[in-house]
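Student: The structure that follows is given in the form of structure tokens.
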Amino acid sequence: MRFDVITLFPEMVEAASRYGVTGKAIDNGVVRLKAWNPRDYTRDKHRTVDDRPYGGGPGMVMKYQPLFDAVSEAKENGFGNHAKVVYLSPQGMPITQSLLNESVHCEQLILVAGRYEGIDERFIETVCDEEWSLGDYVISGGELAALIVVDGISRLLPGVLGDENSALQDSHMDGLLDYPHFTRPENIEGRVVPEVLLSGNHADIERWRLKQALGRTWQRRPELLKNKQLSDVEYELLQEFIVELV
Numbered sequence: 001m002r003f004d005v006i007t008l009f010p011e012m013v014e015a016a017s018r019y020g021v022t023g024k025a026i027d028n029g030v031v032r033l034k035a036w037n038p039r040d041y042t043r044d045k046h047r048t049v050d051d052r053p054y055g056g057g058p059g060m061v062m063k064y065q066p067l068f069d070a071v072s073e074a075k076e077n078g079f080g081n082h083a084k085v086v087y088l089s090p091q092g093m094p095i096t097q098s099l100l101n102e103s104v105h106c107e108q109l110i111l112v113a114g115r116y117e118g119i120d121e122r123f124i125e126t127v128c129d130e131e132w133s134l135g136d137y138v139i140s141g142g143e144l145a146a147l148i149v150v151d152g153i154s155r156l157l158p159g160v161l162g163d164e165n166s167a168l169q170d171s172h173m174d175g176l177l178d179y180p181h182f183t184r185p186e187n188i189e190g191r192v193v194p195e196v197l198l199s200g201n202h203a204d205i206e207r208w209r210l211k212q213a214l215g216r217t218w219q220r221r222p223e224l225l226k227n228k229q230l231s232d233v234e235y236e237l238l239q240e241f242i243v244e245l246v
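Letter by letter, the sequence shown follows residues 1 to 246 in UniProt numbering.
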């Protein structure tokens with residue numbers, strides 16, 4: 001899969017490409033990642049990428065033409081009109097696990113990282129296929145959001161994680177938060193590993209983990225359960241968790 005990030009700070013993208021899951025995916029040839037700087041596509045001697053907003057107001061707005069030309073070259077170097085162009089924006093749809101799962105099937109994802117007060121609306125209307133958001137808050141630019149998207153999708157691709165089941169057991173993959181994890185030693189200042197995890201009974205362990213995942217979701221993100229149709233077993237385990245809690 002190919003990722004292209006349109007950014008005024010390509011060094012941020014290049015640094016991330018050397019580490020962790022993203023770095024491994026690139027080294028294994030599963031992912032290609034390239035940054036494109038709109039400043040390289042300006043047509044004036046000052047290499048201007050932003051200008052004052054029409055109607056007045058604070059800050060500056062990123063100009064249409066440098067962004068358009070950067071995206072155009074990214075498409076030409078990739079899969080052309082098969083590429084999906086996404087603008088990372090506080091106004092976008094929330095980035096969820098299901099959205100990342102669906103995006104695995106894209107041949108090329110072009111991620112536009114905005115800066116300043118935003119980008120010219122005409123670029124969003126004519127070039128971008130979708131707008132995605134990390135959440136209901138504002139950060140200084142879209143680069144961090146773009147890198148989160150790259151990491152989140154890369155780890156779903158075959159051949160990236162050492163254990164293919166790791167991604168399947170992550171929080172949100174089945175609509176639930178993850179269950180608690182423990183490793184050696186068994187006892188840390190009186191806090192011991194749950195006995196079931198030491199039993200060697202895989203059926204009991206899986207049942208405990210599912211109950212903990214359901215219970216943790218109920219405690220911390222109850223809205224997730226509203227959208228999930230629980231099986232009879234899941235409902236029973238959740239009720240057990242609630243009873244044990246009180």
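Glycine residues also receive a C-beta, built at the ideal position from the N, C-alpha and C atoms.
If you count every other CB in all the chains shown that lies within 10 Å of the CB of ALA25, and 16 or more means buried, which is it?
Tutor: In the sequence shown, the residue the question calls residue 25 occupies position 25. Label assigned to ALA25: buried.
Student: How about the region 106 to 113 and the region 80 to 93: do they share at least three Cβ pairs that are nearer than 8 Å?
Tutor: yes
Student: Considering only residues of the same chain and omitting the five flanking positions on each side of ARG32, which have a CB-CB separation below 8 Å?
Tutor: Position 32 of the sequence shown, counted from the first residue, corresponds to residue 32. Taken in chain order, the residues that qualify are MET1, ARG2, PHE3, ILE26.
Student: Over what stretch of residues does the beta strand (DSSP E) that includes ARG2 continue unbroken?
Tutor: Translated into the one-based positions of the sequence shown, residue 2 becomes position 2. Segment 2 to 6, the beta strand (DSSP E) holding ARG2.
Student: So within the region 10 to 60, which uninterrupted beta strand (DSSP E) runs reach at least 3 residues, ignoring any that extend past its ends?
Tutor: 32 to 36
Student: Could you please give me the residues that DSSP links to residue 252 through a beta bridge?
Tutor: Residue 252 falls outside the range modelled here, since the chain spans only 1 to 246, and no answer is possible.
Student: List the endpoints of the continuous alpha helix (DSSP H) containing ALA70.
Tutor: The residue you call residue 70 lines up with position 70 of the sequence shown. Run containing ALA70: 64 to 76, per the alpha helix (DSSP H) assignment.
Student: Do residue 289 and ILE188 have their CB atoms nearer than 8 Å?
Tutor: Because the chain in this structure spans residues 1 to 246, residue 289 falls outside the shown range and cannot be described.
Student: List in chain order: all unbroken alpha helix (DSSP H) runs of 4+ residues lying wholly within the region 77 to 107.
Tutor: 97 to 103
Student: On a Cα-Cα basis, can you pick out the residue from GLY162, GLY56, GLN212, GLY175 that is closest to ASN28?
Tutor: Residue mapping note: residue 28 aligns to position 28 of the sequence shown, counting from 1. Comparing Cα-Cα distances from ASN28 to each of GLY162, GLY56, GLN212, GLY175, the minimum goes to GLY162.
Student: As a quick exercise: from GLU143, SER154, TYR19, pick the residue whose alpha carbon is nearest that of PHE9.
Tutor: Residue 9 sits at position 9 when you count from the first residue of the sequence shown. Comparing Cα positions, the closest option is GLU143.
Student: Per DSSP, which one or two residues make a beta bridge with GLU125?
Tutor: Numbered from 1 along the sequence shown, position 125 holds the residue referred to as residue 125. Note: GLU125 sits in no beta bridge, so no partner.
Student: The beta strand (DSSP E) spanning SER133 covers which residue range?
Tutor: Here residue 133 refers to the residue found at position 133 when the sequence shown is read from its first residue. Element bounds for SER133: 130 to 133.
Student: Could you tell me the distance, in whole angstroms, from the CA atom of ALA146 to the CA atom of LYS63?
Tutor: The residue labelled residue 146 in the question sits at position 146 within the sequence shown. The residue labelled residue 63 in the question sits at position 63 within the sequence shown. Computed Cα separation, rounded: 20 Å.
Student: Note down the Cα distance separating GLU107 from VAL193, rounded to an integer number of angstroms.
Tutor: Position 107 of the sequence shown holds residue 107. Position 193 of the sequence shown holds residue 193. Going by the C-alpha atoms only, they are around 44 Å apart.
Student: Is TRP237 helix, strand or coil by DSSP?
Tutor: Reading the sequence shown from its first residue, position 237 is the one you call residue 237. This sequence places Leu at residue 237; Trp is not what is there. Helix.
Student: How long is the line joining the alpha carbons of ILE153 and GLY56, rounded to whole angstroms?
Tutor: Within the sequence shown, the letter at position 153 stands for residue 153. Within the sequence shown, the letter at position 56 stands for residue 56. So the alpha carbons of these two residues sit roughly 39 Å apart.
Student: Starting from LEU210, follow the alpha helix (DSSP H) in both directions and report where the run begins and ends.
Tutor: Against the sequence shown, residue 210 aligns to sequence position 210. Start and end: 202 to 220.
Student: Compute the distance between the beta-carbons of LYS121 and GLY92, then report whether it is under 8 Å.
Tutor: The sequence position of residue 121 within the sequence shown is 121, counting from 1. The sequence position of residue 92 within the sequence shown is 92, counting from 1. This sequence places Glu at residue 121; Lys is not what is there. Cβ distance not < 8 Å, so GLU121 and GLY92 don't count as in contact.
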